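Student: Encoded as structure tokens, here's the structure I'll be asking about.
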Amino acid sequence: MAYLDRARKEDLKTLAEELGMVVEENFKVIQLIELISKSDNCDEPLVKGMLLVITEERVAKEAAALLEVENLRKAQVSAAEQENVEKQQKYELEKLQLQLECQRLSALRCPVIN
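Here the sequence shown stands for residues 23 to 136, where the numbers follow this note's numbering.
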């Protein structure tokens with residue numbers, strides 16, 4: 023059962039629990055491997071298949087979590103960019119309003135002579 027040596031502790035723990043074994047929180051990897059290997063209902067092809075499924079499920083969950091974090095980061099960046107665009111537009115609008123006000127005031131001060 024050399025394939026057990028390459029498995030992660032969390033996967034071994036899940037495997038042992040699914041096989042109906044009592045697993046303590048402080049078990050080390052070697053203890054989990056011994057527990058699984060010495061089990062009476064340890065059919066090697068079945069255990070190997072179960073471990074493969076457990077590992078694939080964990081990897082899929084990790085990938086989904088990473089994707090979710092990445093999407094959240096992109097949404098935050100997009101929101102920040104949108105906020106910057108809105109601030110810039112507001113600044114430009116205020117600038118144009120001030121220019122218009124200055125033009126209007128300067129036209130009032132200087133009467134047009136024909």
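Every residue gets a Cβ at the ideal spot worked out from N, C-alpha and C, and that includes glycine. Values in this document were obtained by computation on a predicted structure and should not be read as measured data.
Just to confirm my understanding: we take A38, look at its own chain, exclude 5 residues before and 5 after, and list those with CB closer than 7 Å. What are they?
Tutor: V45, L54, L57, I58
Student: Using 8 Å for Cβ pairs, my map puts L73 next to D33. What's the rounded Cβ distance?
Tutor: 6 Å
Student: Just the C-alpha distance for L118 and A97, rounded to the nearest angstrom, thanks.
Tutor: 31 Å
Student: Under DSSP, the alpha helix (DSSP H) around L34 begins and ends at which residues?
Tutor: 31 to 40 is the extent of the alpha helix (DSSP H) around L34.
Student: Grab me the residues of V51's own chain with a C-beta within less than 6 Å of its C-beta, minus the 5 sequence neighbours each way, in chain order.
Tutor: Within the same chain, V51 has close Cβ partners K31.
Student: Any idea if V107 is buried or exposed, counting beta-carbon neighbours within 10 angstroms, 16 or more meaning buried?
Tutor: exposed
Student: Could you pull the start and end residues of the alpha helix (DSSP H) that A97 belongs to?
Tutor: 66 to 131
Student: Within the continuous alpha helix (DSSP H) that includes S59, where are the two ends?
Tutor: From DSSP, the alpha helix (DSSP H) with S59 extends over 51 to 59.
Student: Going by DSSP in three states, D62 sits in which element: helix, strand or coil?
Tutor: Looking at D62 - three-state DSSP - the assignment turns out to be coil, as it is neither helix nor strand.
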